[in-house]
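Structure record follows, encoded as structure tokens.
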Amino acid sequence: MATALPTRTATRCFRTTRPRTCNQHIHSRRAFHSYDHPPPPGPFGATETLILSAAYKHVPEHGFTHRALSLGACDAGLLDISPSALPDGAFSLIRYHLYTQRLALAAKSSHIFQGEDAPVGVGAKVTALTWERLMANREVIHQWQEALAVMAQPSHAPASLKELAMLSDEIWYLAGDTAVDPSWYTKRATLSMIYSSSELFMTNDHSPDYVETNKFLKRRLGEVQSVGGALGAIGQWVGFTASAGINVLRSKGARI
Amino acid sequence: MSPTLCIAKSMRLSCAKTRCPAIVRCLSTGSTSPSEQGSKKLKTLTKEQREYLSSALRVNQAGELAATLIYTAQTPPITNRHPHLRPLMSHMYEQEAAHLRTFNGLIHKHRVRPTALYPLWSVMATGLGWGTAVMGREAAMACTEAVETEIGGHYNAQIRELLEMITTWKQEGYDVGSEVEELVQTLRRIRDEELEHLDHAVEHDAKKAEPHWLLTNVIRAGCRGAIWASERV
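What follows is the structure in structure tokens.
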């Protein structure tokens with residue numbers, strides 16, 4: 001399909017998608033997910049997807065670089081200069097990885113949650129999904145330190161953080177968490193921290209099947225659970241004592 | 257007593273008026289439009305529409321949370337001194353708690369971010385409820401009157417906006433999904449229940465609070481500020 005596309009029309013339709021800046025579509029999600037209406041267009045145009053999906057196959061060998069992009073453009077039957085029209089250059093390829101792997105998680109989750117040893121409970125599901133997402137980096141993990149360096153550049157950091165936030169939102173949502181109080185924020189913030197540190201750990205992990213990363217991830221999640229449990233217990237105790245105190249005062253006739 | 261009752265009635269009427277054209281249009285296109293081929297054709301929500309719906313759900317959740325906490329805090333001091341108000345207070349509380357559950361469910365379903373000021377609204381609503389209840393029955397009722405007046409107007413504005421959205425879709429030949437239609441129904445039901453609370457408050461001497469004008473205006477200004485902030489963060 002890719003090679004059949006005439007180059008000229010492809011570049012023309014590319015031009016129409018060109019003016020969309022990066023910032024415009026960063027914020028295109030996380031606002032009112034509708035089940036009736038067709039979804040809004042994704043962050044990449046048709047030609048962008050064509051180039052990026054072809055270039056993605058070259059990432060394990062060439063990394064998230066312009067080299068991979070121009071090889072991808074050639075594979076897609078476009079001029080090898082066409083990737084220079086991508087608004088963020090090599091970062092577009094990184095974002096393509098983050099975006100497609102995040103969306104792939106929904107399909108994988110139904111697979112993970114079926115079967116005999118399926119995780120039970122929100123916590124176990126979060127662990128399983130986070131591990132699944134880490135394993136999606138397996139093919140590109142030797143290129144990932146470079147990608148992290150690109151993502152940390154000041155011009156790309158906001159988009160990268162936004163992707164991280166959407167990933168942890170996706171994981172909590174798929175795990176079936178229904179909290180809509182301030183813990184909504186703390187849950188997403190802690191999972192983002194845990195995920196990014198595990199990812200960093202994984203870039204240096206040479207153990208078979210990344211068992212060390214798995215242990216690292218489970219330790220971090222366990223720590224958060226115990227701290228969260230302790231804070232919850234303290235909060236419960238304070239609340240109980242306060243309401244008991246007020247009720248004692250009321251029983252003494254105080255008009256409060 | 258009568259002026260506020262009038263407000264409550266005119267609010268319902270004003271929305272009944274906006275409801276009419278939509279119904280008429282729906283009937284007329286239903287009988288004449290040739291595009292009804294069975295399959296549902298829905299328009300993709302624009303970025304502005306999605307942002308509007310998110311901020312609407314977010315502010316409604318914050319408002320119902322505050323209302324629940326106001327009644328929770330008001331109930332002990334009020335029912336201590338006026339045991340006959342116990343059924344009314346628990347009736348109003350239960351309705352607010354049901355509204356909160358509705359919006360909590362919608363926020364989760366549509367993956368909307370809850371307001372970041374949640375803890376602040378919790379503290380302020382509890383303080384407001386307890387403070388007015390300690391001031392006396394009239395002050396507590398004046399608080400209900402002020403809050404529900406603002407909330408009624410706020411829900412009406414949302415319903416009007418959604419009906420406008422629906423009308424535009426119909427004019428362009430698109431169908432209207434059950435999601436938005438159900439949302440309008442839910443908002444109408446909740447709006448009516450809130451205005452019922454307003455009537456109850458006025459029946460129970462809200463107007464006799466001293467000084468009524470100061471109390472209600474301060475609370476109403478606070479509500480408007482809270483709505484403004486919750487729509488944004």
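So the sequences go chain by chain: A and B.
In this text, residue positions in the first sequence follow the numbering used here: the first is 1, and each later residue adds one.
In this text, residue positions in the second sequence follow the numbering used here: the first is 257, and each later residue adds one.
Glycine included, C-beta positions come from ideal geometry on N, C-alpha and C.
Model, not experiment: these values are computed from the prediction.
Which residues of chain B have a Cβ atom closer than 8 Å to the Cβ of residue i, listed in chain order?
{"i": "Arg250 of chain A", "result": "Pro332, Asn336"}
{"i": "Trp184 of chain A", "result": "Arg369, Pro370"}
{"i": "Tyr173 of chain A", "result": "Arg367"}
Using a cut-off of 8 Å between C-beta atoms, extract the partners of residue i located in chain A.
{"i": "Thr423 of chain B", "result": "Neighbours of Thr423 of chain B on chain A: none; closest Cβ ~16 Å, over 8 Å."}
{"i": "Gln317 of chain B", "result": "Val180"}
{"i": "Arg306 of chain B", "result": "Ala31, Phe32, Ser34, Pro40"}
{"i": "Leu298 of chain B", "result": "Asp36, His37, Pro38"}
{"i": "Leu216 of chain B", "result": "Chain B is shown only over 257 to 489; residue 216 of chain B falls outside these bounds and no answer can be derived."}
Using a C-beta to C-beta distance shorter than 7 Å, which residues of chain A count as neighbours of residue i?
{"i": "Asn242 of chain B", "result": "The question about residue 242 of chain B has no answer, for chain B in this structure spans 257 to 489."}
{"i": "Ser310 of chain B", "result": "Ala31, Phe32"}
{"i": "His364 of chain B", "result": "Thr178, Val180"}
{"i": "Tyr374 of chain B", "result": "Asp181, Pro182"}
From residue i to residue j, what distance separates their C-alpha atoms?
{"i": "Gly408 of chain B", "j": "Leu103 of chain A", "result": "40 Å"}
{"i": "Lys381 of chain B", "j": "Leu325 of chain B", "result": "What sits at residue 381 of chain B in the sequence shown is Ala, not Lys. Answer to the nearest angstrom: the Cα atoms are 6 Å apart."}
{"i": "Leu398 of chain B", "j": "Leu221 of chain A", "result": "Leu is not the amino acid found at residue 398 of chain B; the sequence shown has Ala there. For Ala398 of chain B and Leu221 of chain A, the distance between alpha carbons rounds to 49 Å."}
{"i": "Arg476 of chain B", "j": "Arg447 of chain B", "result": "17 Å"}
{"i": "Leu384 of chain B", "j": "Arg393 of chain B", "result": "14 Å"}
{"i": "Thr300 of chain B", "j": "Thr331 of chain B", "result": "45 Å"}
{"i": "Trp144 of chain A", "j": "Ala136 of chain A", "result": "12 Å"}
{"i": "His364 of chain B", "j": "Thr178 of chain A", "result": "6 Å"}
{"i": "Pro267 of chain A", "j": "Ala189 of chain A", "result": "Outside the shown range of chain A (1 to 256) lies residue 267 of chain A, about which nothing can therefore be said."}
{"i": "Ile256 of chain A", "j": "Cys479 of chain B", "result": "24 Å"}
{"i": "Tyr327 of chain B", "j": "Ser243 of chain A", "result": "16 Å"}
{"i": "Ala202 of chain B", "j": "Ala485 of chain B", "result": "Residue numbering for chain B in the displayed model covers 257 to 489; residue 202 of chain B lies beyond these limits and cannot be assessed."}
{"i": "His97 of chain A", "j": "Ala152 of chain A", "result": "16 Å"}
{"i": "Thr423 of chain B", "j": "Thr371 of chain B", "result": "29 Å"}
{"i": "Gly72 of chain A", "j": "Leu298 of chain B", "result": "36 Å"}
{"i": "Val379 of chain B", "j": "Trp184 of chain A", "result": "18 Å"}
{"i": "Ala312 of chain B", "j": "Leu419 of chain B", "result": "14 Å"}
{"i": "Lys57 of chain A", "j": "Pro43 of chain A", "result": "20 Å"}
{"i": "Phe91 of chain A", "j": "Glu404 of chain B", "result": "51 Å"}
{"i": "Thr388 of chain B", "j": "Arg357 of chain B", "result": "25 Å"}
{"i": "Val474 of chain B", "j": "Gly481 of chain B", "result": "11 Å"}
{"i": "Ser346 of chain B", "j": "Trp386 of chain B", "result": "16 Å"}
{"i": "Arg337 of chain B", "j": "Ala462 of chain B", "result": "16 Å"}
{"i": "Gly45 of chain A", "j": "Ile51 of chain A", "result": "10 Å"}
{"i": "Thr400 of chain B", "j": "Glu437 of chain B", "result": "29 Å"}
{"i": "Leu174 of chain A", "j": "Thr335 of chain B", "result": "44 Å"}
{"i": "Glu223 of chain A", "j": "Leu93 of chain A", "result": "34 Å"}
{"i": "Glu554 of chain B", "j": "His366 of chain B", "result": "In the structure as shown, chain B begins at 257 and stops at 489. Residue 554 of chain B is therefore absent and cannot be evaluated."}
Go ahead and label residue i buried or exposed: buried means 16 or more other beta carbons lie within 10 angstroms of its beta carbon, across all protein chains shown.
{"i": "Thr241 of chain A", "result": "exposed"}
{"i": "Thr302 of chain B", "result": "exposed"}
{"i": "Glu406 of chain B", "result": "buried"}
{"i": "Arg138 of chain A", "result": "exposed"}
{"i": "Asp169 of chain A", "result": "buried"}
{"i": "Ser160 of chain A", "result": "buried"}
{"i": "His206 of chain A", "result": "exposed"}
{"i": "Tyr35 of chain A", "result": "exposed"}
{"i": "Leu222 of chain B", "result": "Nothing can be reported for residue 222 of chain B, as the shown portion of chain B is limited to 257 through 489."}
{"i": "Gly319 of chain A", "result": "The displayed coordinates of chain A run from 1 to 256. Any statement about residue 319 of chain A would go beyond what the structure contains."}
{"i": "His270 of chain A", "result": "Any question about residue 270 of chain A goes unanswered here, given that chain A covers just 1 to 256."}
{"i": "Arg314 of chain B", "result": "buried"}
{"i": "Gln227 of chain A", "result": "Residue identity check: residue 227 of chain A is Val in the sequence provided, not Gln. The residue is exposed, with fewer than 16 neighbouring Cβ atoms inside 10 Å."}
{"i": "Gly229 of chain A", "result": "exposed"}
Using a cut-off of 9 Å between C-beta atoms, extract the partners of residue i located in chain A.
{"i": "His355 of chain B", "result": "Near His355 of chain B there are no residues of chain A at all, since even the closest Cβ is about 14 Å away, more than 9 Å."}
Find the residues of chain B that neighbour residue i, judging by a C-beta separation of less than 9 Å, and give them in chain order.
{"i": "Ile94 of chain A", "result": "None at all; the shortest Cβ gap to chain B is about 24 Å."}
{"i": "Arg255 of chain A", "result": "Pro333, Asn336, Arg337, Val390"}
Is the closest heavy atom of the ligand HEM to the C-beta of residue i under 8 Å?
{"i": "Trp425 of chain B", "result": "For the structure depicted, the ligand HEM is absent and the ligand set is empty, with no information on it obtainable."}
Please name the residues in the segment 110-123 of chain A whose beta-carbon is closer than 7 Å to at least one beta-carbon of chain B, in chain order. Flagged: no residues at all.
Could you name the residues of the segment 421-449 of chain B whose beta carbon sits closer than 7 Å to any beta carbon of chain A, in the order they occur along the chain? Correct list: Gly433, Ser434, Glu435.
Please list, in chain order, the residues of the segment 196-221 of chain A that have any C-beta partner in chain B closer than 8 Å. Cβ contacts with chain B come from no residue of the segment 196-221 of chain A.
Select from the segment 407-418 of chain B all residues with a C-beta closer than 7 Å to any C-beta belonging to chain A, and list them in chain order. For the segment 407-418 of chain B, no residue has a beta-carbon sitting nearer than 7 Å to a beta-carbon of chain A.
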